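Asker: Residues in the sequence shown are numbered from 2 upward in steps of one, following our numbering.
The beta-carbon is built from N, C-alpha and C at its ideal position, and this holds for glycine as well.
Note that the structure is predicted; figures quoted are calculated from it, not measured.
For reference, the structure I am asking about is given below.
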Amino acid sequence: MSPPIHKDWWLAAALTGAALPTALAQPANADRRAAVVTSVTQTAPGTATSSTLYLDAASGQRLTTGPNQTLHVLFSDQSALTVGPNSEVVIADYRYDRQSRDGNLLVNMTKGLLRVVGGLISKRSEARLRTPTATIGIRGGISLIDASETQTDATFLFGQQMRVTDNNGNETEVNRPGFGVSIGLGGLLGEPFRVPVNTISSALQRLEQKPPAPPLPTPAPGADTGGKPENEIANDRLKDGNDATDNLDPGITLKNLLGSTPPAPVS
Numbered sequence: 002m003s004p005p006i007h008k009d010w011w012l013a014a015a016l017t018g019a020a021l022p023t024a025l026a027q028p029a030n031a032d033r034r035a036a037v038v039t040s041v042t043q044t045a046p047g048t049a050t051s052s053t054l055y056l057d058a059a060s061g062q063r064l065t066t067g068p069n070q071t072l073h074v075l076f077s078d079q080s081a082l083t084v085g086p087n088s089e090v091v092i093a094d095y096r097y098d099r100q101s102r103d104g105n106l107l108v109n110m111t112k113g114l115l116r117v118v119g120g121l122i123s124k125r126s127e128a129r130l131r132t133p134t135a136t137i138g139i140r141g142g143i144s145l146i147d148a149s150e151t152q153t154d155a156t157f158l159f160g161q162q163m164r165v166t167d168n169n170g171n172e173t174e175v176n177r178p179g180f181g182v183s184i185g186l187g188g189l190l191g192e193p194f195r196v197p198v199n200t201i202s203s204a205l206q207r208l209e210q211k212p213p214a215p216p217l218p219t220p221a222p223g224a225d226t227g228g229k230p231e232n233e234i235a236n237d238r239l240k241d242g243n244d245a246t247d248n249l250d251p252g253i254t255l256k257n258l259l260g261s262t263p264p265a266p267v268s
C-alpha cells in the first residue's frame with residue numbers, strides 16, 4: 002500500500018483539528034466519573050443538544066442519541082468518542098491501568114455515526130469497534146464510522162492505521178488519511194478508496210451540529226402601518242426611502258443614533 006503523502010496529512014489535520022470536541026482540552030484533574038448515565042434522553046423536536054461523559058471504567062453501558070443530539074465520551078486514557086445523532090452504541094468493555102498503561106476499549110455500535118479518537122490504549126493495542134457487519138481496530142489514530150444493520154463505512158482520518166475485518170474474516174488495513182473502506186450488500190469487504198472530501202465534511206458537520214436558529218416573529222397585520230390598511234397610508238410614506246439620509250456619512254448617522262462617536266473599526 003502506498004505511503005501517506007503530505008497533502009493527505011494536511012487534509013486530515015484540517016478536517017479533524019477544528020472538529021474534535023472542545024472537551025478534549027479538559028485539565029488533567031477534571032472530574033472523571035464512571036457509569037454516569039445509561040442513556041441520553043431525547044429532547045424536544047428542533048432542539049440540538051451536546052453532552053459530555055467522562056469514564057474511568059465501563060461495562061455494558063448503552064448510549065443512545067436522538068435526531069438532534071450528540072454526545073462526547075472521554076475516557077481516562079485520553080481516548081474519545083463523539084456519538085452522532087440517531088445513534089446507538091454500547092461501551093462493551095473499558096478498563097485502563099494508569100500505572101502500566103495497559104487496558105482495553107471495545108465498543109459495540111448498532112447504528113449511527115461515530116468518531117473515534119484513539120488514546121493511550123491504542124498506542125499499545127487496538128481500540129476496537131464492532132458493527133453488525135464489521136470489526137474496526139484503531140491504532141493511535143482518528144476514524145469515522147457510519148453504520149447500519151446492512152452496511153459499514155469506515156474512514157481513516159489520522160494516525161497509525163485502521164484495520165477492518167468483515168464477518169467472514171476478510172480484512173484490510175488503511176494507513177492513508179482520507180481513505181476508507183465499505184462493507185455493503187452481502188457483507189463483502191471492498192478495497193480501500195479515497196473518500197470524497199464533501200462526504201467527510203458532511204459527517205463532521207453532523208457530529209458538530211448547532212441548534213437551529215429560532216424563527217423570526219411574524220408581525221401582526223398592520224403592525225408596521227399603525228394599524229391602518231396600506232391603501233390608507235399617506236403617499237409620502239409609501240414611496241421609496243430615498244430621502245436626505247441616503248447621502249449622509251454613515252459615521253455621522255450612527256453618531257446621531259447612539260449619541261456618541263462610533264468606535265473605530267478594528268484593524
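Could you check which residue in Thr156, Leu208, Ile137 has the C-alpha nearest to that of Asn168?
Answerer: Mapped onto the sequence shown, residue 168 falls at position 167. Selected option, being the one with the closest Cα: Ile137.
Asker: Does the beta-carbon of Glu127 have 16 or more other beta-carbons within 10 angstroms, so that it is buried, or is it exposed?
Answerer: As a first step, residue 127 is located in the sequence shown; it is residue number 126 there, counting from the start. Label assigned to Glu127: buried.
Asker: Which residues in the same chain have their Cβ closer than 6 Å to the Cβ of Gly188, if we skip the five residues on either side of it in sequence?
Answerer: As a first step, residue 188 must be located in the sequence shown, where it is residue number 187. Result list for Gly188: Thr134, Asp167, Asn168, in chain order.
Asker: Taking C-alpha atoms, which residue in Ser77, Arg99, Lys124, Asn69 lies nearest to Ser88?
Answerer: As a working mapping, residue 88 is identified with position 87 in the sequence shown. Comparing Cα positions, the closest option is Asn69.
Asker: Please report the distance separating the alpha-carbon of Gly170 from that of Lys112.
Answerer: For the purposes of this step, residue 170 is identified with residue 169 of the sequence shown, where counting begins at 1. For the purposes of this step, residue 112 is identified with residue 111 of the sequence shown, where counting begins at 1. Whole-angstrom Cα-Cα distance: 21 Å.
Asker: With three or more beta-carbon pairs closer than 8 Å as the criterion, would you say the region 174-185 touches the region 141-158?
Answerer: Segments in contact, yes.
Asker: CB Val118 to CB Ala81, shorter than 7 Å?
Answerer: Position 117 of the sequence shown, counted from the first residue, corresponds to residue 118. Position 80 of the sequence shown, counted from the first residue, corresponds to residue 81. Going by C-beta atoms, Val118 is nearer than 7 Å to Ala81.
Asker: With a threshold of 16 other CB atoms inside 10 Å of the CB of Pro46, please say whether the residue is buried or exposed.
Answerer: Your numbering for residue 46 matches position 45 in the sequence shown. Below a pLDDT of 50, predicted positions are generally treated as unreliable, and Pro46, at 47, falls in that range; the measurement from the model is reported next regardless. Its Cβ having fewer than 16 others within 10 Å, Pro46 is exposed.
Asker: Within the continuous beta strand (DSSP E) that includes Leu208, where are the two ends?
Answerer: Reading the sequence shown from its first residue, position 207 is the one you call residue 208. First-last for Leu208: 198-208, but that is the alpha helix (DSSP H), not the beta strand (DSSP E).
Asker: I need the boundaries of the alpha helix (DSSP H) containing Arg140, first residue and last residue.
Answerer: Locating residue 140 in the sequence shown gives position 139, counting from the first residue. Per DSSP, Arg140 belongs to no alpha helix (DSSP H); it is in the beta strand (DSSP E), 135-140.
Asker: Can you have a look at Val175 and say buried or exposed, based on whether 16 or more other CB atoms are within 10 angstroms of its CB?
Answerer: What you label residue 175 is simply residue 174 of the sequence shown in a count that begins at 1. Flag for Val175 reads buried.
Asker: Run the CB neighbour count on Pro193, radius 10 Å, all protein chains shown included, and call it buried at 16 or more, exposed below.
Answerer: Within the sequence shown, numbered from 1, the residue matching residue 193 stands at position 192. Buried.
Asker: With burial defined as no fewer than 16 other Cβ atoms inside 10 Å of the residue's Cβ, what is the status of Gly85: buried or exposed?
Answerer: Sequence index remark: in the sequence shown, residue 85 carries index 84 (1-based). With 16 or more Cβ atoms within 10 Å of its Cβ, Gly85 is classed as buried.
Asker: Tell me which residues share the same chain as Val37 and place their Cβ nearer than 6 Å to its Cβ, disregarding the 5 neighbours each side in the sequence.
Answerer: For the purposes of this step, residue 37 is taken as residue 36 along the sequence shown, with counting starting at 1. Unreliable positioning characterises Val37 in this predicted model, as indicated by a pLDDT of 35, which lies under 50. A coordinate reading is not provided.
Asker: Can you check DSSP and say which residues form a bridge with Asn109?
Answerer: Residue mapping note: residue 109 aligns to position 108 of the sequence shown, counting from 1. For Asn109, which the question treats as bridged, DSSP gives the partners Val91, Arg131.
Asker: Which residues does DSSP list as the beta-bridge partners of Asp313?
Answerer: Outside the displayed span of the chain (2 to 268) sits residue 313, for which this structure offers no information.
Asker: Does the beta-carbon distance from Thr173 to Ala148 come in below 7 Å?
Answerer: Residue mapping note: residue 173 aligns to position 172 of the sequence shown, counting from 1. Residue mapping note: residue 148 aligns to position 147 of the sequence shown, counting from 1. No, Cβ-Cβ distance for Thr173 and Ala148 is not below 7 Å.
Asker: In chain order, what residues of the same chain lie with their CB nearer than 6 Å to the CB of Arg116, ignoring the 5 residues before and after it?
Answerer: The count along the sequence shown starts at 1 and reaches residue 116 at position 115. So the qualifying residues of the chain are Thr83, Leu145, Leu208.
Asker: From which residue to which residue does the beta strand (DSSP E) around Ser183 run?
Answerer: Residue numbering aside, residue 183 sits at position 182 when the sequence shown is read from its first letter. 180-184 is the span of the beta strand (DSSP E), which, as asked, contains Ser183.
Asker: Where do the ends of the beta strand (DSSP E) carrying Arg125 lie?
Answerer: What you label residue 125 is simply residue 124 of the sequence shown in a count that begins at 1. It is not in any beta strand (DSSP E) - Arg125 instead sits in the alpha helix (DSSP H) that spans 122-125.
Asker: Nearest to Ala58 by alpha carbon, out of Tyr95, Asn105, Met110, Ile201?
Answerer: By 1-based counting over the sequence shown, the position of residue 58 is 57. Taking only the C-alpha atoms, the option nearest Ala58 is Tyr95.
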